[in-house]
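Chemist: Please find one structure pasted underneath; my questions will follow.
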Amino acid sequence: MKKLVVLLGALISGVVSGSQIELEKVYLHGAHEQAAQRGPQIEEARLVFYFNQKPKVQVVEKKVAKKQWSSVVVTVPNLGRASGELKTALEKIQQRTTDQYVLKVNQHKNGDMEITVTFDLRKINVAVDEFTSIGTKPGLSITLYHQPTIDGLKNAQQSILQVAHHAPTLVIDCGHGGKDTGAVGTHGAVEKDIALRVGKKLAQVAEKKGYPVTMARSDDSFLELDQRTSCAHNGASCVFISIHANHAQDAKAQGIETFYFERALFKPVFQTGGAWSADIMSDNLGVLSKQCADEIHKHLLSAAHSYYPQAVDRTVKKACSQVLMGAFVPAVLVELGFLSHPVEESYLINDTYLDIIVAGIMSGIDSFVKGSNRG
Ligand SMILES: [Zn+2]
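17 is the number of the first residue of the sequence shown in the numbering used here; add one for each residue after it.
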């Protein structure tokens, strides 16, 4: 009997470990222009894959024929074949070829997916990391670091990634849009509309203060998360803010919370030589993002309290939020309140309240920018 149990156990575990993994989402973050046309940036590109379960990823570095070039091959075994939107997303990756790197994705008949990054050793370092997203999905990130930018910052002994300009460009990302409504409130308020309204107000206030503004979307259009960050790759001269409203099953859940991303949330799997120093630089970006989140949150909350004293402080939190992972500048995501909470929903459609919290966000950005310039 015991033998049978053991045998059965082995059979079951065999089935489990052999079960197919599904690819759920693919993102390719990074600027599309060639390097010469834009400012310094530490990360050239980031490829992110989400799966329904954690895959056993293998990574090897391979020599290539081209002198001074190398390649990193990431194999994800036992993967269901991608079709539809995912297939298109994978094809998009192959089209991103620059003078510094070439990306390739192969889906083999045996179920293995092979992602190959072939790159100029003098320019690029590659890091492969695993992480768990804010929605608890297992993710895989492949980051291409730009080593000359990192060396330049080091040699100049610049306090790395300071917001160098008195008025950096403010990239405003109004959450959701188009077919993606985001959360819908108890009385019908729609997150994508609130995000757009707040974003437009913020753009107006920021422009009056002399900040150049870029809007990821300025109407009700749908954007993928990697499209939203494509304008946030200009090194230190940019601040990225993503605007959202929350939703929870529990109608009592309420309050304001602010998110940022730092590399320490990643679990390193593989890195080429210089990627370690790139990590340190990236972590500095994490530090800046935290400062930015702290300032925005503090000012936003105190502004909210002036009109809505019961506003709950849900604090500043770090998370692997996809839109933050792809912005290679100080980046913050604000959740302005809960649409599932009837009182907060009524505030979030109240024009006076929105003006007040927008002023709060603006003074937070101001305070962050001034603080960075002082340092
Ligand atoms: Zn949202």
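C-beta: ideal position from N, C-alpha, C; glycine also.
Note that the structure is a prediction, hence the values are computed from the model and not measured.
What number of angstroms, rounded off, separates the C-alpha of residue 35 from the C-alpha of residue 120?
Modeler: If you take the alpha carbons of residue 35 and residue 120, they lie about 26 Å apart.
Chemist: What does a CB cutoff of less than 6 Å around residue 315 pick up in its chain, not counting 5 residues either side in sequence?
Modeler: 376, 379, 380.
Chemist: In the structure shown, what three-state DSSP assignment does residue 209 receive?
Modeler: Helix.
Chemist: When you compare only the Cα positions, how much space is there between residue 52 and residue 271?
Modeler: In this prediction, residue 52 scores a pLDDT of 44, lower than 50, which makes its location untrustworthy; the coordinate-derived value is nonetheless stated afterwards. Residue 52 and residue 271: Cα-Cα distance of roughly 44 Å.
Chemist: For a test of the three-state rule: what should DSSP assign to residue 349, helix, strand or coil?
Modeler: Here residue 349 sits in strand by DSSP.
Chemist: Please list, in chain order, all residues of the same chain as residue 26 whose beta carbon is under 8 Å from its beta carbon, the five residues on each side excluded.
Modeler: Residue placement at residue 26 is poorly supported in this model, since its pLDDT is 42, which falls under 50; the coordinates still yield a value, given next. Counting only Cβ-Cβ distances below 8 Å, and skipping sequence neighbours, we find nothing.
Chemist: Give the single residue among 382, 95, 194 whose Cα lies nearest to the Cα of residue 208.
Modeler: Nearest C-alpha to residue 208: 194.
Chemist: If you follow the alpha helix (DSSP H) that residue 110 is part of, which residue opens it and which one closes it?
Modeler: Counting along the chain, the alpha helix (DSSP H) containing residue 110 begins and ends at 100-111.
Chemist: How would you write the range of the beta strand (DSSP E) that residue 132 sits in, first residue to last?
Modeler: Looking at the DSSP string, the run of the beta strand (DSSP E) that includes residue 132 is 129-136.
Chemist: Tell me whether residue 271 counts as near ligand 1, meaning its Cβ is closer than 8 Å to at least one heavy atom of that ligand.
Modeler: Checking every heavy atom of ligand 1 against the Cβ of residue 271, none is found closer than 8 Å.
Chemist: Look up residue 260 in the DSSP assignment and say whether it is helix, strand or coil.
Modeler: DSSP places residue 260 in strand when its eight states are reduced to three.
Chemist: I'd like to confirm the pairing. Which residues does DSSP put opposite residue 87 in its beta bridges?
Modeler: Answer by DSSP bridge pairing, in chain order: 78, 134.
Chemist: Considering only residues of the same chain and omitting the five flanking positions on each side of residue 181, which have a CB-CB separation below 6 Å?
Modeler: Reliability of the predicted coordinates at residue 181 is poor, the pLDDT of 49 falling under 50, and no value is obtained from them.
Chemist: Rounded to a whole number of angstroms, what is the C-alpha to C-alpha distance between residue 255 and residue 58?
Modeler: Rounded to whole angstroms, residue 255 to residue 58 spans 15 Å at the Cα level.
Chemist: Using CA coordinates, which residue listed in 324, 162, 306, 155 is at the minimum distance from residue 37?
Modeler: When only C-alpha atoms are compared, the closest one is 155.
Chemist: Starting from residue 170, trace the beta strand (DSSP E) in both directions and tell me its first and last residue.
Modeler: Taken as a continuous stretch (DSSP letters only), residue 170 belongs to no beta strand (DSSP E), being part of the alpha helix (DSSP H) at 163-171.
Chemist: Is it true that the CB of residue 347 sits closer than 9 Å to the CB of residue 276?
Modeler: Closer than 9 Å, so yes.
Chemist: Determine the closest residue to residue 240 out of 192, 201, 68, with distance taken between C-alpha atoms.
Modeler: It is 192.
Chemist: Quick one, which of 200, 248, 93 has its alpha-carbon nearest residue 125's?
Modeler: Minimum Cα distance to residue 125 is reached at 93.
Chemist: What first and last residue would you give for the alpha helix (DSSP H) that runs through residue 329?
Modeler: That residue, residue 329, is in no alpha helix (DSSP H); its beta strand (DSSP E) goes 329-334.
Chemist: Could you tell me the boundaries of the beta strand (DSSP E) in which residue 287 lies?
Modeler: 283-287 is the span of the beta strand (DSSP E), which, as asked, contains residue 287.
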